[in-house]
Amino acid sequence: MNRPIFLFLIILLATTTSGSPSLAQVMDRIVAVVGNEIILLSELEARLQLASIQLNIDAQDVDALNEIRGPILHDLVNEKLILVQAQRDNITVEPEEVDAALDLQIERIKEQLGSPEAFQDQLASEGLTLQLLKKRYRPQIRNQLLREKLIRQKLADVTVSSKEVMSFYQTYRDSLPVQGESVRLSHLMMTITPGEEEKRVAYQQAKEILAKARAGEDFAALARSHSNCPSAEAGGDLGYFSKGEMVPEFEQAAFALTPGEISDVVETMYGYHIIKCEDLRGNQMHVRHILIALSASDQDEERIRDQLNKLRERALSGEDFSALVEEYSQDIYSKENGGDLGWYPMDQITPQFRAVVDTLSIGNISEPIKTSSGYHLLKVMDRVMQRRITLDDDWEALENLARQQKVSDRLETWLEELRNEIFVDIRLEG
Numbered sequence: 148m149n150r151p152i153f154l155f156l157i158i159l160l161a162t163t164t165s166g167s168p169s170l171a172q173v174m175d176r177i178v179a180v181v182g183n184e185i186i187l188l189s190e191l192e193a194r195l196q197l198a199s200i201q202l203n204i205d206a207q208d209v210d211a212l213n214e215i216r217g218p219i220l221h222d223l224v225n226e227k228l229i230l231v232q233a234q235r236d237n238i239t240v241e242p243e244e245v246d247a248a249l250d251l252q253i254e255r256i257k258e259q260l261g262s263p264e265a266f267q268d269q270l271a272s273e274g275l276t277l278q279l280l281k282k283r284y285r286p287q288i289r290n291q292l293l294r295e296k297l298i299r300q301k302l303a304d305v306t307v308s309s310k311e312v313m314s315f316y317q318t319y320r321d322s323l324p325v326q327g328e329s330v331r332l333s334h335l336m337m338t339i340t341p342g343e344e345e346k347r348v349a350y351q352q353a354k355e356i357l358a359k360a361r362a363g364e365d366f367a368a369l370a371r372s373h374s375n376c377p378s379a380e381a382g383g384d385l386g387y388f389s390k391g392e393m394v395p396e397f398e399q400a401a402f403a404l405t406p407g408e409i410s411d412v413v414e415t416m417y418g419y420h421i422i423k424c425e426d427l428r429g430n431q432m433h434v435r436h437i438l439i440a441l442s443a444s445d446q447d448e449e450r451i452r453d454q455l456n457k458l459r460e461r462a463l464s465g466e467d468f469s470a471l472v473e474e475y476s477q478d479i480y481s482k483e484n485g486g487d488l489g490w491y492p493m494d495q496i497t498p499q500f501r502a503v504v505d506t507l508s509i510g511n512i513s514e515p516i517k518t519s520s521g522y523h524l525l526k527v528m529d530r531v532m533q534r535r536i537t538l539d540d541d542w543e544a545l546e547n548l549a550r551q552q553k554v555s556d557r558l559e560t561w562l563e564e565l566r567n568e569i570f571v572d573i574r575l576e577g
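Just so you know, we're using this note's numbering here: the sequence shown kicks off at 148 and counts up by one.
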């Protein structure tokens, strides 16, 4: 496993807190207070470690690390300022939004590691389970979505005129990077979902286990024997959690239980659950559960491939690809844009996609491509060779760059205003 991915997982956990304090947490300290939010030394050091990798700084170069520590803390304070303001403005995100963003991040890690199996091996080597990883990372994802939502609201009206685009180009034309070979892609994605027969068999199995649990058999023993969740080793114990930490269907069923009560069979995106309430502590609930996971069969994969091949033929026969994406794609992030993924430098496309993109001409559509997130149809919307950026050929790109700069300037002004409104106390020595 390469070092950046390893450290990504370490940093993922270093910036969160677990249910029971460790020695490292006891020795941690606050380096800044922003409103009702705090920044811990461990959070700063984790971000510093990641930055040192990105900037290729030797971990032993104390002077170089000290030089970037202040700016990194400044960025962390800015993030907390936006989060505090989001709370003040009653900005909210739905649990489903958090779940989707969290699953997307997990899928990206899997793709970087090469396979779901490599991802599971890495989790095991760190003494983690997928459930624990999600539970610890969930608050970060939620806060990130809150910040992004507020920023979009605050800066949605930022536009640039033609005069501003031309002025931006004249100012930065000599420092604009040379455009490498790039391609604009669109895709239609479908996940591999179990068929009705697999769901029927799994549901029947869950009903049989539920009957045993309600008849008095030991719930923890049933979980160890039958559950497909990593928590099976602990008798299905998920520990204490609050509302907003689990998927909605699971959470709704769990919080309807009283201590000792066992739920009916509950269906979620992960399969069928049987939940037992162990304890209630204020707003937190302690449960065990048994998961009968839904696993797709070879026939299910073949069904998705056949469906995508039919959609590909429809598009090649003249139907609008973006309309098909909006109707059938299961990528919630791109389907509203007709599947548009934007421009990608060819050298940054994953090898799996690169091999296919190299064979496609503009307007052509690939056969179904399998990844860890499902199957994709890729369409090449446009392609450009390496060249310098010009007003005539890159107006849209320059317009985006000029707007980004204007957004950045507006954001910095807004953050200064927030610093005058929200209490900030920097406690980092030196």
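Just so you know, even glycine gets a beta-carbon here, dropped at the ideal spot from N, CA and C.
Just so you know, the alpha carbons of Leu463 and Asp529 end up roughly 16 Å apart. Looking only at Glu244, Glu543 and Ala233, the smallest Cα-Cα distance to Leu297 is reached by Ala233. For Glu414, the closest alpha carbon among the candidates His436, Ile219 and Leu302 is that of His436.
With respect to Ile451, Leu357 sits apart: the two C-beta atoms are not nearer than 8 Å.
With contact defined as three or more Cβ pairs closer than 8 Å, the stretch 383–399 and the stretch 235–251 are in contact. Annotation: Ala440 to Arg535 spans about 52 Å, alpha carbon to alpha carbon. Taking a C-beta distance under 8 Å as the contact criterion, Thr497 and Glu328 do not qualify as a contact pair.
Between Gly382 and Ala367, the CB-CB gap stays under 8 Å.
Using a 10 angstroms sphere on the CB of Arg320, the tally of other CB atoms stays under 16, which defines it as exposed.
As computed with DSSP, His523 is found in a beta bridge with Met336 and Ile516.
Per the C-alpha coordinates, the member of Ile229, Gly182, Ile288 and Arg299 positioned closest to Gln252 is Ile288.
The Cβ atoms of Lys457 and His334 lie no closer than 8 Å to each other. Burial of Asn290 is indicated by the presence of at least 16 other C-beta atoms within 10 angstroms of its C-beta. In this structure the stretch 554–571 does not touch the stretch 337–356; the number of beta carbon pairs closer than 8 Å is below three. A distance of 8 Å or more separates the beta carbons of Leu195 and Ile229. Arg216 has its alpha-carbon roughly 22 Å from the corresponding atom of Leu565.
In this structure, Val305 lies near Val554, with their beta-carbon atoms less than 8 Å apart. For Asp453, the uninterrupted alpha helix (DSSP H) segment begins and ends at Asp445 to Leu463. At a Cβ-Cβ threshold of 8 Å, Gln499 and Cys376 do not count as neighbours. In summary, Phe266 is buried, with 16 or more beta-carbon neighbours lying within 10 Å of its beta-carbon over all protein chains present.
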